[in-house]
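Visitor:
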Amino acid sequence: MEVNITRENNSITVHFSGRMDTPGAQEINPQMNALAEEANKTIILDCTDLSYISSSGLRIFLTLRKAALDKGGKIIVRNICDSIRSVFMMTGFLNLFEIQSAK
Amino acid sequence: MKSDRKDKKILGVSVRAGLLVVIVAAISLEATSIIQYIYSQRAIKQEASLRAKSELKNAENKIMDVVDQAEAAVRNSVWVAQWCLEYPDSIRRIPHRVVSENPVVVGSTMALVPGYSEKYPLYAPYAARDMETGEIRMLSLATEKYDYPSMEWFTKPLELQDSYWSEPYFDENGGDMLMTTFSMPIKDKDGTVAAILTADISLDWFTELVDEMKVYPNAFNMVVSRSGQIMVCPVETLVMNTTIDQFAMESENFEGFDRINKAMLSGQSGEMPVRYKGQTNHVYFSPVERTGWSLSIVLPESELYSGVRRVSMIVKLLQLLGLTMLIVILRVLAKNQLKYHNLNEQKKRMANELHIASEIQMAMIPKTFPPFPERKDLDMAASIIPAKEVGGDLYDFFIRDEKLFFCIGDVSGKGIPASLVMAVTRSLFRAMSAHEDSPARITALMNDTMSESNESNMFVTFFCGVLDLAKGHLRYCNAGHNPPMILTDAIRMLTVAPNVPLGILKGMDFVEQETSFNYDDALLLYTDGLSEAENASHEQFGEARIEEALHGRKSSEAHLENIKQKVSLFVGEAPQSDDLTILFIHYLGNENKKNYHLTLHNDVEQIALLPEFVETVASLVKLDPEATMNLNLALEEAVSNVIMYAYPEGTDGIVDIDACVVENRVTLVITDSGKAFDPTAKAEVDITAGVEERPIGGLGIHLVRTIMDTVSYERKGEQNILTITKTY
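Here you go:
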């Protein structure tokens, strides 16, 4: 699981690649908790290279979303593949996140 | 109301039938008695006729005897009388002699023809017997009062020049009695009639004689003289006062009397009916020779037939009594029939109710076969044949979480009580097995409930099994039921632990056992109605015959039909003594079964091993990437929980993952030995909730539930077992 964070002006782009399974989520959890502090900004979660997500990963997404709500920021989920979209569907996440498709 | 009307209708039919019987009986009885009456009448009439004729003959003989004596008395004195003509003074000795020598003669005279003797121009010395003293007095009839030459007894023989019997007459100034006289002309030497010699016979004697002729108590006799003078008659005023001619004319009441009158007067004999005051009388009559009298016996028909009438009356009474008894008997029979009919109606109603009960009972158990047509791993057949309308046997089965729950039971006793317990047992089985996967637990729970309220001390032998269809693993518990037969390579009895039947004692523990099923293995469950089915000579069908019937590989349906047919042939005409229930489970799973196993330690990093494992499983079912990912997700969610929380931190724990693929069905079983934890007990998350309300946790089990078809948890011993399945 790799995470690449790039900051531009008022937005932060988080690029995930690999599988966000339980160990993966555990691995990136400290980074994500830190990122939650900056939730007053627009955080773009780029899932273009994310192939898998489990409930641990969804928990991270939800934690960020709650932080953004607290701090007045914004979370944008970008480019989710069909299989992750179906997970979002199953969990009702489609209604919780603003989802942007690639270009 | 309805039944009342029906009763009346039935009673009406019976009454009509009874009435017909009574009428026929009455007619035949009446006909016989009429015929008997007619024949008896004829016989009696004949008998009466014979008796009357013989009596008439008898009387006639007696009369003739007297007549003869009287005639002889006169004739014997003729020559003396002739001699005396020459000595007129001695004439008076003649009548004296006639009377004294002949007891039947009450008086006698020898009357000279007037002018024959110069000495005695009129001379008729009369000897009369005093009826009281027997003395013979001599009188003379040649008096002014008694003008003898004008008397019939004198004139007629003189005229006829021959002997003559006079008409009866009252001899006033002579014999002074009712009499009849035999007169004989006495001729002198010149052949001239000189005197008339007579002998008188009292008619009092005659009446007595005739009275003896009484054939019947109420019969009476009549004697008429030649001229029709009534000589003897029950009405004394008529005697010597009336001729029968006058009587016939005066008595309009008599019908047919004139004919008899004529016949009698012309000296005929015979019998004729005469009607008097509506009554028929039979008159038998016969003439008396020489005197010209006619004797008759008058017999009232009522008298004649009084005997036979009395008999026929008695017969009629008896008939009436018989008919009354017949009516009473028929009435009793009709009532009995009604009772019987009502009993039958009641029986019919009860049979109908029982039939409905039977239908309700049969509706409780699965009756549609094949029960799971979409399943290729299971072939089942079952049959229940109650000995009575309703029975105490049961079987039941259903599939939950890829497990076949099934049971068979036999309630002690038969009939309605057993059927009620059967219904309770079946309901309890369904209730207890809804959430419980262990047959022993199901059985124990059922036993507790049933023992609690078992007032009637009925019990149920019960076999309960749970077959894991994916694995072919059978867990079972036998509560006093006869062991089922298992058909693997060989046929054998399933080993069963000796548990007590249900309903006997609360709180009993039940031993659970297990065995493995492979493809094409089968289980035959039955009640003792099969093994103990008896033929006419009380032989039992027995396990050996069951085993024999199970040889060869067949479908469940074919096996069942085969067994039923064999039992039916064996039992023959003997009545079925017990409910007969058969449940046949043919396991066809496992054939294409692929088992995969993965053992993980309680280290989160181990989750990385899952994708490869899932890939292998998914490839068998040819899953697309998305479905593969979902299966992976479900498995990860199920496993990660265990890895993270089941074992205390710092200790090593194992998580076993068994994957089983049968055709397009995937079963994943996650087993761990950590602390008891039922993930399915967690409340469902609300996926429609907004960000604020959304809890962070609970998504894992939600995903498992959403992705898989079934999710079930079981705590077995020290293990948590979570089974999730999905059919693609």
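Those protein sequences? They're chains A and B, same order as listed.
The numbering of the first sequence is my numbering, which starts it at 604 and goes up by one.
The numbering of the second sequence is my numbering, which starts it at 1381 and goes up by one.
A virtual CB, placed ideally from N, CA and C, is assigned to each residue, including glycine.
#1: I need the straight-line Cα distance from B/E1427 to B/E1635, nearest angstrom please.
#2: Which bits of chain B does A/P633 rub up against, with CB to CB less than 9 Å?
#3: Within 8 Å (strictly less), CB to CB, does B/M2088 reach chain A?
#4: B/L1989 touches chain A at which residues, Cβ-Cβ below 8 Å?
#5: Kindly say whether B/S1999, judged by its beta-carbon, lies nearer than 8 Å to any beta-carbon of chain C.
#6: Which residue from B/A1743, B/S1682, B/V1691 and B/V1668 puts its Cα closest to that of B/A1803?
#7: What does A/K629 reach in chain B if we use C-beta pairs closer than 8 Å?
#8: I believe B/V2091 touches B/T2051 by the beta-carbon criterion, under 8 Å. Please report the beta-carbon distance rounded to the nearest angstrom.
#9: I believe B/S1543 touches B/F1562 by the beta-carbon criterion, under 8 Å. Please report the beta-carbon distance rounded to the nearest angstrom.
#10: Residues of the segment 2059-2072 of chain B in Cβ contact with chain A at a cutoff of 7 Å, in chain order, please.
#11: Quick one: Cα of B/L2015 to Cα of B/L1990, how far?
#12: Going by C-alpha to C-alpha distance, which of B/V2042, B/R1396 and B/M1865 sits closest to B/L1758?
#13: In chain A, what lies closer than 9 Å to B/L2011 by C-beta?
#14: With distances taken from CA atoms, which of B/A1453, B/S1957 and B/R1472 is nearest B/G1793?
#15: Any beta carbon of chain B sitting closer than 8 Å to that of A/M693?
#16: Report the three-state DSSP secondary structure of B/P1753 (helix, strand or coil).
#17: Whose C-alpha, out of B/I1640, B/I1610, B/I1624 and B/Q1699, is nearest the C-alpha of B/T1412?
#18: Can you list, in chain order, the stretches of the alpha helix (DSSP H) that have 4 or more residues and sit fully within the segment 1674-1716 of chain B?
#19: So the candidates are B/A2063, B/D2032, B/G2070 and B/I2067; which of them puts its Cα closest to the Cα of B/S2119?
#20: Could you tell me whether the Cβ atoms of B/K1783 and B/D1828 are closer together than 8 Å?
#21: Does the contact criterion of 3 or more C-beta pairs under 8 Å hold for the segment 1428-1438 of chain B versus the segment 1737-1753 of chain B?
#22: Along the segment 677-692 of chain A, where does the CB come closer than 8 Å to a CB of chain B? Name the residues.
#23: Looking at A/V680 and A/L638, is the spacing between their C-beta atoms short of 8 Å?
#24: Taking the straight line between their C-alpha atoms, what separation do you get for B/H1918 and B/F1950?
#25: In whole angstroms, give me the CA-to-CA distance for B/K1715 and B/N1834.
#26: Count the CB pairs spanning the segment 1896-1908 of chain B and the segment 1880-1888 of chain B that are closer than 8 Å, and state whether there are at least three.
#27: Rounded C-beta distance between B/A1599 and B/I1677? I'm assuming under 8 Å.
#28: Which word fits B/M1490, buried or exposed, when buried means at least 16 other C-beta atoms lie within 10 angstroms of its C-beta?
#29: Look up B/P1505 in the DSSP assignment and give the residues it is bridged to.
#30: Run through DSSP, which three-state label would B/L1465 get?
#31: Please go through the same chain and pick out, in chain order, the residues whose beta-carbon is closer than 6 Å to the beta-carbon of B/E1927, but skip the five residues on each side of it.
#32: Please compile the residues from chain A whose C-beta is within a distance smaller than 8 Å of the C-beta of B/E2006.
#33: Would B/V1458 and B/L1538 be called neighbours here (beta carbons separated by less than 8 Å)?
#34: How long is the line joining the alpha carbons of A/A671 and B/K2055, rounded to whole angstroms?
#35: Using the beta-carbon of each residue, which ones in chain B are nearer than 8 Å to A/R662?
#36: Is B/N1858 closer than 8 Å to B/V1840 when the C-beta atoms are compared?
Guide: On the basis of the supplied data:
#1: 24 Å
#2: Going along chain B, no residue has its Cβ under 9 Å from A/P633, so there is no contact; the nearest lies around 15 Å.
#3: no
#4: Residues of chain A passing the Cβ test: none, with the nearest at roughly 11 Å.
#5: In the structure shown, chain C cannot be found, because the protein chains are A and B.
#6: B/A1743
#7: The sequence shown places Gln at residue 629 of chain A, rather than the Lys named in the question. Residues of chain B passing the Cβ test: V1984.
#8: Actually they do not touch by this definition, with Cβ atoms about 15 Å apart.
#9: 7 Å
#10: I2067, T2068, V2071 and E2072
#11: 8 Å
#12: B/V2042
#13: Those within 9 Å of B/L2011 in chain A number zero; the least Cβ separation is about 11 Å.
#14: B/S1957
#15: yes
#16: coil
#17: B/Q1699
#18: 1681-1684
#19: Residue numbering for chain B in the displayed model covers 1381 to 2108; residue 2119 of chain B lies beyond these limits and cannot be assessed.
#20: no
#21: no
#22: D685, S686, S689 and V690
#23: no
#24: 11 Å
#25: 44 Å
#26: no
#27: 6 Å
#28: buried
#29: B/S1520
#30: coil
#31: I1871
#32: D685, S686 and S689
#33: no
#34: 37 Å
#35: I2076, G2077 and L2079
#36: no
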